[in-house]
Amino acid sequence: MRKTHAHDDAQSINNVLERRAFQLIAISCLAVFLCAVLTLLEGDILICQLLISSVPPLSFCLYLAHKKHTKLSSEGFIWTLTFLLLSILWLSNGFFNAGLLALPCILIFAAMLGTSSSFGAILALFSLNIALMGYLHSRGIFVFSHITNEKTRPIISIIIIGVSGFSMRLLIKDYTHAIRRLGRENAKVKESEKAIAFLANHDSLTELPNRTLANERFQEAVQRLTLSHSNKKIALMFIDLDDFKTINDSLGHAAGDRYLVAIAERLRDATRPRDTVCRLGGDEFLLILEGLDHERDASLVAGAIQKRISRPVITGQHKLVCSASIGISVYPNDGERYNELVKKADIAMYRSKEVGRNTFHYYCVSMNSDALDRMQLLDDLRTALKNNELYVEYQPIVLLATGKMVGAEALVRWQHPTRGIIGPDMFIPLAEKSGLIVDIGAWVLERACHDIAGLQHHHATDFYVAVNVSTLQLKRDDFKERVENVLASTPISPQSLELEITESELLSDSAEFDEAITQLKAMGISLAIDDFGTGYSNLGYVQKIKVSKLKIDRSFVHGIQGNSDNQAIVRAVHNIADGLIMSTVAEGVEHACELDFLKRLGITHGQGYFWSRPVAIECLIHLLQEPHTTSLNNELFLS
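For the sequence shown, position 375 matches number 357 in this note's numbering, and the numbering has no gaps at all.
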C-alpha cells in the first residue's frame, strides 16, 4: 500500500512538470515571436534575426514537451533562452537593453524546470556577463548606448514582465498546492501513527489494552503507589472463560468473537475507571486493580465478574453462556515484577479449573510446586508411550439378570519408572490439554482390540470391548482411517467394538464431530455415552446420534439404597434410555443391595468392584473361565 501511494505521488509530480514545461515553452515561443515583430518594426534587423533564429529550437523543445520528454525539452528551452538573451545584450546596448528584464524570468524557468546544476550555471553565467559588461563599459573598451526606442521598449518590457508574472503565478500555484498536499499527507501520517500506536498497544477485536500496555499500566500503578507511601495493594486477576472452545467449535469463530466483545464490555462495567482490563489472547483476560486496602478486596470484584459473565449473551438466534475461572495474585505480597505476578495469577486460575471451574483462587506458594509438578508430569507423559510405560486393564461388564460377563471397558494405566502407578485422574486431564490424548487414545484402541481379539479366539466370540475416545480424536481427519486400520490388523469385528464418549463431549457438537459419528456408525461400531447425568444433558443430540448405551455415573450408583435423590436420578436416566430404546450400564456397583435395586429397576448392564476391579487381560480371561470367582471379596483381584 505504501509503495502504491509513493508511486501515485511521483506520477502526480511528473504530470505537473510535464504540463508546466509545455505551458512555459509555449508562452515563451509566443513572447519571442512578438518581440521579433516589434524589433522588425523598429528596424533592428540584427536583433530580429536573433529572435527569429531561436524560434526553431524553441519549437523543437515544445514538440519534445508534447511528447512527454520533459527533462530534455526543459534543459534545451532554458539554455536556448539563456544564449539568446546574452547574444541580444552583447549585440545591442548591453545592460541598457529592455531584454535585461528577461533575466529573472529565465532564472524562474531554470528553478522550475531545470536541474540544480543548470540553475547554478545559468545564474553564474548571467552574473559574469553583466559584470564583464559593466567593467568594459566603465573602461570605455566596449561602450553601450543609452539610446533606446521609446515606442517599442515599453511593449517589450510588458511582454517580458507578463511572461515573468505568468511564470511566477504558476510557481506560486504549484508551491501552494504542494504545501496544502503536504499538510493533508502530514495529517494522514499523524492519523496513521495514532492508529499504529493504538494497534500496537490494544487488542484489535475488543479494543482492550494488550499485554504490552498492561505491563505499562502496572508499572504506572506501582509508581503511584510508591509516591503515595501507602500500604495499599495491587491485584492482578487472570480470567479464563470455561468451555469457550465449545462456542467456537459449534457456532464458529464469528459467534465466538461477538461473545468475546460482549464479555469485554461486561468486564469494563464491573471495574473502576482507574482499573485496567486487558485481553491477553483467546479467551484470557487480565485485570489490574489498584488502590486496594486489602488483598481480599479483589474477592468482591471476582464475584461480581463471575455473576456478569454467567449471564447469557444473545448473538443472533443463540443464547451463549460461559462461566469463568479466575486466579488472583497481589503486589507486593506475591512478587514485584509484572511477569512474575501474571504467571502466579495464571497458576491460581488453573487451580480454579482443577476444582471444578466457575470459581476463583488466590495464589499461594504450594500452587507453584503443584504447577512445576504438572509440568514435569506432562514431560514424563510425552515419553511414556515410547518407553512402554502405559498398559491397559479391563473391567468386566456383566448382564445383571444372569451375571454373565459380556464385555469389558479398556482403561489405560501408567507405570511411572520412579513414581510408581499414576492414576488416570492425574494424567488423562494433562493428556487432554496437551493433545497427547490423540496418540494415547490411538494406542489404547489398538492394544484393546488386539487383546480382545485373542480372548474371542479362545474363549468368547461374542465378547466386546468398550474404549473411551475424546473429542480431539473424533475431530481428527484420520480417526476413521485409524479405526479401520486397527480393525483390519486384528481379527475383531466392528460389532465387537464400542466407543464411549463422555457426556460433556456432546457440547462439542460440530460438523467434524457429526461426520465422525456418522462414519463410525456406518462401520457398524456401537456408541455409548459415559458418565451420563454429570454433564450438560443434551438429550436432543443423544437421540440424533442414536447411541446404543447410556452409562450411569458411579456417583449416582454408590450408596443408592439409602439415597432417594440418587434413586430418582438413576430411575430418570433408565426411563430416558428405555424411551430411546437404549441399554443402560450402571457403573460403580460394589454391594449386593445396589445390585438388587438396579435389577428391580430394570437396568440391563453393570460394572464395578462387585464383580471385579480393572485387571490385566490374563486375569480377565481367568474370570471368563472361572465365573464363580467373580466376587468383590476374592483376594485374587484385590491384590
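From the three backbone atoms N, C-alpha and C, an ideal C-beta is built for every residue, glycine too.
(request) Tell whether a beta-carbon distance below 9 Å holds between residue 299 and residue 342. (result) For the purposes of this step, residue 299 is taken as the residue at position 317 of the sequence shown. For the purposes of this step, residue 342 is taken as the residue at position 360 of the sequence shown. Going by C-beta atoms, residue 299 is not nearer than 9 Å to residue 342.
(request) Within the stretch 531 to 573, note down every full alpha helix (DSSP H) run reaching 4 residues or more, in order along the chain. (result) 536 to 539, 546 to 561
(message) Does residue 396 come out as helix, strand or coil in the three-state DSSP assignment?
(response) The residue given as residue 396 occupies position 414 in the sequence shown. Reduced to three states, the DSSP call for residue 396 is strand.
(request) Could you have a look at residue 261 and say whether DSSP puts it in helix, strand or coil? (result) Mapped onto the sequence shown, residue 261 falls at position 279. Three-state result, residue 261: strand.
(request) Within the same chain, show all residues whose beta-carbon is closer than 7 Å to that of residue 538, passing over the 5 residues directly before and after it, in chain order. (result) Stepping through the sequence shown from its first residue, residue 538 is reached at position 556. Closer than 7 Å at the Cβ level, and outside the excluded window around residue 538, lie 515, 548, 551, 552.
(message) Could you compute how far the alpha carbon of residue 355 sits from the alpha carbon of residue 367?
(response) Your numbering for residue 355 matches position 373 in the sequence shown. Your numbering for residue 367 matches position 385 in the sequence shown. Taking the straight line joining both Cα atoms gives about 19 Å.
(message) Please report the straight-line C-alpha distance between residue 303 and residue 603, rounded to a whole angstrom.
(response) The residue given as residue 303 occupies position 321 in the sequence shown. The residue given as residue 603 occupies position 621 in the sequence shown. Each residue's alpha carbon lies about 48 Å from the other.
(message) Residues in the same chain with beta-carbon distance under 6 Å from residue 617, minus the five sequence neighbours each way, listed in chain order, please.
(response) For the purposes of this step, residue 617 is taken as the residue at position 635 of the sequence shown. Low confidence applies here, because residue 617 scores a pLDDT of 39, under 50, leaving its location unreliable and the question unanswered by this model.
(message) If you follow the beta strand (DSSP E) that residue 219 is in, where does it begin and where does it stop?
(response) As a first step, residue 219 must be located in the sequence shown, where it is residue number 237. Note, residue 219: beta strand (DSSP E), 215 to 224.
(request) Taking only the alpha-carbon atoms, compute the straight-line gap between residue 601 and residue 378 and give it to the nearest angstrom. (result) Your numbering for residue 601 matches position 619 in the sequence shown. Your numbering for residue 378 matches position 396 in the sequence shown. If you take the alpha carbons of residue 601 and residue 378, they lie about 11 Å apart.
(request) Report the residue ranges of all beta strand (DSSP E) runs contained in full by the stretch 376 to 463; include only those spanning at least 3 residues, in chain order. (result) 387 to 398, 402 to 404, 446 to 450
(request) Would you mind stating whether residue 688 and residue 35 have Cβ atoms separated by less than 9 Å? (result) Nothing about residue 688 can be read from this structure; the chain reaches only from -17 to 621.
(message) Among 75, 416, 320, whose alpha-carbon lies nearest the alpha-carbon of residue 357?
(response) As a first step, residue 357 is located in the sequence shown; it is residue number 375 there, counting from the start. The residue with the shortest Cα to Cα distance from residue 357 is 416.
(message) With H, G and I counted as helix, E and B as strand and the rest as coil, what does DSSP make of residue 167?
(response) Numbered from its first residue, the sequence shown carries residue 167 at position 185. Three-state result, residue 167: helix.
(request) Apply the 10 Å Cβ neighbour rule to residue 650 and answer buried if 16 or more other Cβ atoms are within range, or exposed otherwise. (result) The structure shown does not extend to residue 650, since the chain spans only -17 to 621, so no value can be given for it.
(request) Answer yes or no: do residue 536 and residue 570 have a C-beta to C-beta separation smaller than 9 Å? (result) One-based indexing of the sequence shown puts residue 536 at position 554. One-based indexing of the sequence shown puts residue 570 at position 588. Yes, Cβ-Cβ distance for residue 536 and residue 570 is below 9 Å.
(message) Can you look up residue 603 in the DSSP assignment and give me helix, strand or coil?
(response) For the purposes of this step, residue 603 is taken as residue 621 along the sequence shown, with counting starting at 1. In this structure, residue 603 counts as helix in the three-state DSSP scheme.
(request) Jot down the residue ranges of each uninterrupted beta strand (DSSP E) in the stretch 244 to 298, minimum 3 residues, whole runs only, in chain order. (result) 258 to 263, 266 to 274, 295 to 297
(message) Output needed for residue 413: all residues of its chain with C-beta closer than 7 Å, excluding positions within five of it in sequence on either side, in chain order.
(response) Residue mapping note: residue 413 aligns to position 431 of the sequence shown, counting from 1. Result list for residue 413: 363, 419, 422, in chain order.
(request) With DSSP collapsed to three states, give me the class of residue 480. (result) In the sequence shown, the residue the question calls residue 480 occupies position 498. Strand.
(request) Tell me residue 588's beta-bridge partners as DSSP assigns them. (result) Within the sequence shown, the letter at position 606 stands for residue 588. Residue 588 is bridged to 380, 568.
(request) Just grab the DSSP bridge partners of residue 310 for me. (result) What you label residue 310 is simply residue 328 of the sequence shown in a count that begins at 1. According to DSSP, residue 310 bridges with 219, 344.
(message) Would residue 187 and residue 243 be called neighbours here (beta carbons separated by less than 9 Å)?
(response) Counting from 1 along the sequence shown, the entry for residue 187 is found at position 205. Counting from 1 along the sequence shown, the entry for residue 243 is found at position 261. In this structure, residue 243 lies closer than 9 Å to residue 187 by Cβ.
(request) Express the C-alpha separation of residue 560 and residue 348 in angstroms, rounding to a whole number. (result) Your numbering for residue 348 matches position 366 in the sequence shown. Your numbering for residue 560 matches position 578 in the sequence shown. Computed Cα separation, rounded: 48 Å.
(message) Rounding to the nearest angstrom, what Cα-Cα distance links residue 301 and residue 241 in this structure?
(response) Within the sequence shown, numbered from 1, the residue matching residue 301 stands at position 319. Within the sequence shown, numbered from 1, the residue matching residue 241 stands at position 259. So the alpha carbons of these two residues sit roughly 10 Å apart.
(request) If I'm right that residue 217 touches residue 274 with Cβ under 8 Å, what's the distance once you round it to whole angstroms? (result) Working through the sequence shown from its first residue, we reach residue 217 at position 235. Working through the sequence shown from its first residue, we reach residue 274 at position 292. 6 Å between Cβ atoms; contact.
(message) Just to confirm my understanding: we take residue 46, look at its own chain, exclude 5 residues before and 5 after, and list those with CB closer than 6 Å. What are they?
(response) Locating residue 46 in the sequence shown gives position 64, where the first residue counts as 1. Closer than 6 Å at the Cβ level, and outside the excluded window around residue 46, lie 54, 55.
(request) Determine which residues share a DSSP beta bridge with residue 510 and list them. (result) Residue numbering aside, residue 510 sits at position 528 when the sequence shown is read from its first letter. Bridge partners of residue 510: 482, 531.
(message) Restricting to Cα atoms, I'd like to know which of 405, 481, 205, 248 is closest to residue 461.
(response) Here residue 461 is taken as the residue at index 479 of the sequence shown, counted from 1. Residue 481 is the option with its Cα nearest to residue 461.
(request) Whole angstroms is fine: what's the gap from residue 474's alpha carbon to residue 558's? (result) Looking up residue 474 in the sequence shown gives position 492. Looking up residue 558 in the sequence shown gives position 576. Approximately 31 Å, taken between the alpha carbons.
(request) Alpha carbon to alpha carbon, how far is residue 86 from residue 164? Give it in angstroms, no decimals. (result) The residue given as residue 164 occupies position 182 in the sequence shown. The residue given as residue 86 occupies position 104 in the sequence shown. Distance between the alpha carbons of residue 164 and residue 86: 28 Å.
(request) Please confirm whether residue 650 and residue 95 have their CB atoms less than 9 Å apart. (result) Residue 650 lies beyond the residue range present for the chain, which begins at -17 and ends at 621; the question has no answer from this structure.
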